[in-house]
Amino acid sequence: MNKVLVEVEQSGVARVTLNNPEKHNAFDDEIIQDLTNAFVGIASNPDVRLMILSSIGKNFSAGADLGWMKKMAAYSYEENLHDAKV
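For what it's worth, our numbering labels the leading residue of the sequence shown as 65, then goes sequentially.
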């Protein structure tokens, strides 16, 4: 399942949709990378005039995924710094 859906309409509207309702669209490394890729792709598309960010499910986003945050807490300073730059 794709956690981020991207659709660009011929009208110039880009729709980016968070698609992980089971986890209340919480952010983890995968969704952050997918969003980054989506935003870079949209920003480089001269046909896009408007972007709409939405989500599937009853919550837009719960924020950070706590399981991912727990895993990240075990990272060293260098690993966290590298992860922040990627």
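We put the CB at the ideal spot given by N, CA and C, even for glycine.
Across the set His88, Pro110, Glu94, the C-alpha of Pro110 shows the shortest separation from the C-alpha of Gln74. The segment 129 to 139 and the segment 99 to 108 do not touch, with fewer than three beta-carbon pairs separated by less than 8 angstroms.
In this structure the segment 74 to 94 lies against the segment 111 to 126, because at least three pairs of beta carbons, one per stretch, are closer than 8 angstroms. Rounded to the nearest whole angstrom, the C-alpha separation of Ala90 and Ile116 is 18 angstroms. One thing to note: Ala78 has its Cβ no nearer than 8 angstroms to the Cβ of Val68. Counted as a single uninterrupted DSSP element, the alpha helix (DSSP H) harbouring Ala107 occupies residues 93 to 107. Inter-residue distance for Lys134 and Leu99 is about 21 angstroms (C-alpha atoms, whole angstroms). Contact check for Tyr141 against Asp147 fails: the beta carbons are separated by 8 angstroms or more.
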